[in-house]
Amino acid sequence: MVSLSSQLVASGHAVSVLCLSYRGLLRENTVEELTAKVPEGVKTIRFDIDYSTLPLIADYVNGKRFARVLPDLVNPADYDVLLNTCGPYYPLEAAPIIARWGLPYILDFRDLGAINYRPTIVSGSKDSYGLKVVLKSLYGKLIKRRERRAVRLANHVICISAIDLGAMRAAYGLEEARSSVVTNGFDEDRLGAICPHSEKPYNFTAGVFGKFMYYDKDKATAILEALCGVRADGIDAGLVHIGKKYGWIDDVIESKGIDPACYTNLGLMEYEVGMAYLGTADFFVVEDTSPDDVGTKIYDYIFWNKPVIAVVPPSGPLAKFVSSFRNGFVCTTSAEVRVVVERIVTLGLDCLDPDLDRDRYSRRHQNELIESILENEAKEMRAR
Numbered sequence: 335m336v337s338l339s340s341q342l343v344a345s346g347h348a349v350s351v352l353c354l355s356y357r358g359l360l361r362e363n364t365v366e367e368l369t370a371k372v373p374e375g376v377k378t379i380r381f382d383i384d385y386s387t388l389p390l391i392a393d394y395v396n397g398k399r400f401a402r403v404l405p406d407l408v409n410p411a412d413y414d415v416l417l418n419t420c421g422p423y424y425p426l427e428a429a430p431i432i433a434r435w436g437l438p439y440i441l442d443f444r445d446l447g448a449i450n451y452r453p454t455i456v457s458g459s460k461d462s463y464g465l466k467v468v469l470k471s472l473y474g475k476l477i478k479r480r481e482r483r484a485v486r487l488a489n490h491v492i493c494i495s496a497i498d499l500g501a502m503r504a505a506y507g508l509e510e511a512r513s514s515v516v517t518n519g520f521d522e523d524r525l526g527a528i529c530p531h532s533e534k535p536y537n538f539t540a541g542v543f544g545k546f547m548y549y550d551k552d553k554a555t556a557i558l559e560a561l562c563g564v565r566a567d568g569i570d571a572g573l574v575h576i577g578k579k580y581g582w583i584d585d586v587i588e589s590k591g592i593d594p595a596c597y598t599n600l601g602l603m604e605y606e607v608g609m610a611y612l613g614t615a616d617f618f619v620v621e622d623t624s625p626d627d628v629g630t631k632i633y634d635y636i637f638w639n640k641p642v643i644a645v646v647p648p649s650g651p652l653a654k655f656v657s658s659f660r661n662g663f664v665c666t667t668s669a670e671v672r673v674v675v676e677r678i679v680t681l682g683l684d685c686l687d688p689d690l691d692r693d694r695y696s697r698r699h700q701n702e703l704i705e706s707i708l709e710n711e712a713k714e715m716r717a718r
């Protein structure tokens, strides 16, 4: 949303962002995490509510409280269109109020909400049919009803993938004419002048930016085992991980007999600094198990246009996305990863795809899609 709002202002639109106060943001974030700056020219309307943290029902309670204060925060006569980015989801409670204003109302689901809600039930436990399970089930129905109403009242609904959009259509009868897919993308405004870092830990470097050995330990282990095997063959290869190092990574390396020299963690870094280090990699690796999304970091890898090895479920959306590029490889075992790594080395593969249209995967391009939706909905409303 920082990228989108900045681009909308640059296109000549007047943009106001309704957002939590700094004090409110600190309830769920540390000071170090609140580094993004409000883009120049973007007006902010800060608000706070008697924020609830009650287990299970906090989102519902906060929605009610948000709906009560919204009319005092926003004068609908000042605006042509409203975009609600669904995360958090409690502002969906205000959908009926916005509908009465007569403003075009666009929902942007960066992640699925209520239809992805899964109450945890441990089969055979004494609590399986207890009050907690009943409450979770009721809560799931409650937030799905709220979301169904908001989708019904929206002029347009945006999802991050075709799979997500298909799920929304199936759950709520969402018509194709008022729904679109807008993916993530790399932030070219922050990367335009970036150059790879001068240091390179290995002669043949694999790169990961973000979480590693978080989504699936076995798949991440397969990557390290493959690199370990390549090192044993005399190639100075290894993985550079830019991001938080989880405590179990060293345990896995030791228990699996993996050469610890094949893994280097550089820690958390600011985006531009991390991307400069990432640019030294010869290829990138991905381990993710999402059944309905391709994630965000794949777009940063596309920016550098280097080969990608994805150790992911072969039928998932990320596998299909990666394999659509000439040098995008999908693997499931360490043996398969090793074969691909050796192929990259032997053939000297140095790009994800020689015919890559990189701009297609930028945030600028995706922002333009959202801008077009906003303009069209505002135009149609004025014509009525």
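Plus 334 on top of the position in the sequence shown (first one is 1) and you've got our numbering. All residues carry an ideal CB built from backbone N, CA and C; glycine is no exception.
Buried/exposed call for residue i, threshold 16 Cβ in 10 Å
i, result
"Asp584", "exposed"
"Asp634", "buried"
"Asn661", "buried"
"Trp638", "buried"
"Arg694", "exposed"
"Ser649", "exposed"
"Pro430", "exposed"
"Gly458", "Low confidence applies here, because Gly458 scores a pLDDT of 46, under 50, leaving its location unreliable and the question unanswered by this model."
"Glu427", "buried"
"Arg697", "buried"
"Ile363", "Looking at the sequence shown, residue 363 is not Ile but Asn. Asn363 is exposed by the Cβ-count criterion."
"Gly346", "exposed"
"Ser340", "buried"
"Ala348", "exposed"
"Glu559", "buried"
"Arg434", "exposed"
"Asn537", "exposed"
"Asn450", "exposed"
"Asn701", "buried"
"Glu588", "exposed"
"Lys377", "exposed"
"Val468", "exposed"
Nearest to residue i (by Cα), restricted to the options the options
i, options, result
"Arg571", "Tyr597, Gly346 and Phe659", "Reading the sequence as shown, one finds Ala at residue 571 and not Arg. It is Tyr597."
"Ser350", "Gly397, Pro410 and Leu388", "Pro410"
"Val491", "Ile497, Leu508, Lys553 and His347", "Leu508"
"Lys478", "Leu469, Ala505 and Leu499", "Ala505"
"Lys640", "Asn418, Thr539 and Asp393", "Thr539"
"Gly397", "Arg480, Leu602 and Ile636", "Arg480"
"Cys353", "Val343, Val403, Leu390 and Val395", "Val403"
"Val642", "Phe663, Lys654 and Gly629", "Phe663"
"Ala556", "Met502, Arg718, Cys420 and Val619", "Val619"
"Asn308", "Arg380, Asn489, Asp445 and Arg361", "Here the chain comprises residues numbered 335 to 718, so residue 308 is not present and cannot be evaluated."
"Asp550", "Val645, Ile587, Arg482 and Ala527", "Val645"
"Asp521", "His699, Ala717, Leu708 and Leu342", "His699"
"Gly682", "Thr387, Leu612 and Phe617", "Phe617"
"Ser657", "Ile636, Glu676, Ala669 and Lys553", "Ile636"
"Gly421", "Arg565, Asp384, Gly436 and Gly447", "Gly447"
"Thr614", "Ala595, Ile592, Lys590 and His575", "His575"
"Ile432", "Asp412, Gly474, Leu487 and Arg399", "Leu487"
"Gly526", "Ser355, Leu342, Arg692 and Val343", "Arg692"
"Gly601", "Lys545, Ser513 and Asp567", "Lys545"
"Glu621", "Val372, Ser668 and Arg380", "Ser668"
"Leu573", "Pro594, Glu705, Lys466 and Val586", "Pro594"
"Arg399", "Tyr424, Gly629, Gly591 and Pro651", "Tyr424"
Start and end residues, beta strand (DSSP E) containing residue i
i, result
"Leu513", "The displayed chain sequence assigns Ser, not Leu, to residue 513. Start and end: Ser513 to Val515."
"Asp699", "First, the amino acid is wrong: residue 699 is His here, not Asp. Per DSSP, His699 belongs to no beta strand (DSSP E); it is in the alpha helix (DSSP H), Arg697 to Ala717."
"Phe538", "Phe538 to Phe543"
"Val349", "Looking at the DSSP string, Val349 is not in any beta strand (DSSP E), and its letter there is neither H nor E."
"Thr680", "Per DSSP, Thr680 belongs to no beta strand (DSSP E); it is in the alpha helix (DSSP H), Ser668 to Leu681."
"Ala644", "Val642 to Val645"
"Arg380", "Lys377 to Phe381"
"Gly358", "Where Gly358 is concerned, there is no enclosing beta strand (DSSP E), although the alpha helix (DSSP H) it sits in stretches over Tyr356 to Leu359."
"Tyr413", "Run containing Tyr413: none; DSSP gives neither H nor E here."
First through last residue of the alpha helix (DSSP H) which encompasses residue i
i, result
"Ile298", "A question about residue 298 goes unanswered here, because the residues of the chain that appear run from 335 up to 718."
"Leu469", "Leu465 to Leu487"
"Asn396", "Ala392 to Leu407"
"Ile632", "Lys631 to Trp638"
"Val656", "Pro651 to Ser657"
"Gly563", "Lys551 to Ala566"
"Leu525", "Glu522 to Leu525"
"Gly733", "For the chain, the structure presents residues 335 to 718; residue 733 sits outside this window and is missing."
Check whether residue i and residue j have beta carbons under 8 angstroms apart
i, j, result
"Ala712", "Asp414", "yes"
"Asp393", "Arg357", "no"
"Met609", "Pro438", "no"
"Ser337", "Asp523", "yes"
"Val542", "Gly577", "yes"
"Met502", "Val485", "yes"
"Ile569", "Val679", "yes"
"Ile707", "Ile494", "no"
"Asn599", "Lys631", "no"
"Val343", "Gly375", "yes"
"Ile720", "Glu606", "Missing from the structure shown is residue 720; the chain here goes from 335 to 718 and no further."
What runs of the alpha helix (DSSP H), each 4 residues or longer, lie entirely inside the segment 577-623? 582-589 and 605-612
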